[in-house]
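Asker: Under my numbering, the first residue of the sequence shown is numbered 2, with each subsequent residue one higher. Idealized CB from N, CA, C, for every residue including glycine.
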Amino acid sequence: SLYPGACSLVYQHLMQIVTECLIGWNTKTQTGRVGVLGKPLAWSRTDEEQARKTLHAHWQIWIEHFNDCRETLFSDDEEERKKARDTF
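(1) Look up E65 in the DSSP assignment and say whether it is helix, strand or coil.
(2) Determine the direct distance from the alpha carbon of S9 to that of K54, and round the result to whole angstroms.
(3) How many angstroms separate the CA atom of A85 from the CA atom of T73?
(4) Grouping DSSP H, G and I as helix and E and B as strand, with all else coil, what is S9?
(5) Measuring CA to CA, which of S45, P5, D87, G39 is closest to V17?
(6) Buried or exposed: where does T20 fall if 16 or more other Cβ atoms within 10 Å of its Cβ makes it buried?
(7) If you follow the beta strand (DSSP E) that D48 is part of, which residue opens it and which one closes it?
(8) Please confirm whether V37 and L23 have their CB atoms less than 8 angstroms apart.
(9) Going by DSSP, what residue range makes up the alpha helix (DSSP H) through T88?
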């Protein structure tokens, strides 16, 4: 790109939209609300640039009740798995 600084600003704005709208994290109060994955308890993001000068992010997101969801969705009990699919 001829303007890497401008690309970086656009990328940061997009990451802010993803953080607030999709993940559900309020950056001002540092609290979560229900987003597309559930309610975030915490998150971490690492931004990288490839040799082609393309920016991308790696996310780690801690979601409230995620372990309960995972354990019941992969339970050995068929009835418990069905209940989990209906609940989560």
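Answerer: Let me lay it out:
(1) coil
(2) About 10 angstroms.
(3) 6 angstroms
(4) Residue state, collapsed to three classes: helix.
(5) It is worth fixing the name first, because residue 17 is Gln in this sequence and not Val. For the options S45, P5, D87, G39, the alpha carbon positioned closest to that of Q17 is the one of S45.
(6) buried
(7) 41-50
(8) Yes, the pair counts as a contact, with Cβ atoms nearer than the cut-off.
(9) 79-88
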